[in-house]
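Structure first, then comments.
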Amino acid sequence: MEIKRKKTRIMIDNITGTILKIIGGAGLFFFTFGFIITIVDKNTRNEAETITVALIFIALNLFIYYKGYKRKQLIKKFKHYIIIISEKQDGRITNIANYTGKPETYIKKQIQSMIKRKYFKNAFIDHSKNSIIIPGLPQIKPENTQKQIKCKNCGASVQYIPEETTVCAYCGSYI
97 MEIKRKKTRI MIDNITGTIL KIIGGAGLFF FTFGFIITIV DKNTRNEAET
147 ITVALIFIAL NLFIYYKGYK RKQLIKKFKH YIIIISEKQD GRITNIANYT
197 GKPETYIKKQ IQSMIKRKYF KNAFIDHSKN SIIIPGLPQI KPENTQKQIK
247 CKNCGASVQY IPEETTVCAY CGSYI
C-alpha cells in the first residue's frame with residue numbers, strides 16, 4: 097500500500113510538472129509574441145501600460161514553467177538516487193555525492209525536499225551518520241569501523257569491530 101501511494105505521488109507530481117511546463121511554455125510563447133507585436137505596432141494605445149502588463153504575464157508564465165521544470169527535475173533526481181541507494185544498499189550521503197559528483201550539501205537539500213514531498217516514505221536524514229535512513233532498507237555498517245584495542249585479560253592487541261562479538265586470539269576471552 098505504501099509503495100503504491102509513493103508511486104501515485106510521484107506520478108501526480110510528474111503529471112503536474114508536465115502540465116505546468118505546457119501552460120508556462122504556451123503562455124510564454126503567446127505573451128512574448130504579443131509583447132513583440134505591441135512594440136512593433138505603432139498604433140498601440142497606452143504603450144507603457146500594455147508593455148507592463150505583458151511583462152508581468154511573461155514573468156508569471158516564466159515562473160509557472162520554472163516550477164514545472166523543477167518538479168520534473170526533482171523526480172528525475174529521485175529516480176537516480178533510488179537506483180544508487182538500492183544498488184549499493186547504502187544511504188550514506190557522502191557516497192551518493194561521490195557517485196553523482198555533486199556536493200554533499202546539495203544532495204542533503206535535494207533528499208530533504210524529496211522527503212518533504214513524501215517521495216521517501218517515513219525516511220529521514222540522520223545527521224550524525226550523514227545518511228538517509230529508509231525503514232525496510234538494510235543498513236550496512238560504516239566503512240573502516242575496525243579498531244585496534246588491547247585485551248583486558250592478557251594485554252594482546254586485538255582487531256575489534258563495534259557491535260560484534262570479538263574473541264581474543266591469544267587468551268580466548270570475549271571482548
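One point on numbering: in our numbering, the residue at position 159 of the sequence shown is 255, and numbering is uninterrupted.
Using N, Cα and C, we set each Cβ at its ideal position, and we do this for glycine too.
Just so you know, these numbers come straight off a predicted model, no measurement behind them.
{"query": "Alpha carbons only, please: which of 229, 145 and 221 is nearest the one belonging to residue 185?", "result": "229"}
{"query": "Which residue's Cα is closest to the Cα of residue 152: 170, 139, 171 and 131?", "result": "131"}
{"query": "So, at 6 Å on beta carbons, what are the nonlocal neighbours of residue 114 in its own chain, with the 5 sequence-adjacent residues on each side left out?", "result": "none"}
{"query": "From which residue to which residue does the beta strand (DSSP E) around residue 256 run?", "result": "253-256"}
{"query": "Report yes if the C-beta distance between residue 192 and residue 202 is below 8 Å; otherwise report no.", "result": "no"}
{"query": "Within its chain, find whatever has a CB closer than 7 Å to the CB of residue 150; leave out the 5 residues flanking it on each side and keep chain order.", "result": "127, 130, 131 and 134"}
{"query": "Under 8 Å, do residue 160 and residue 123 count as touching if we go by C-beta distance?", "result": "yes"}
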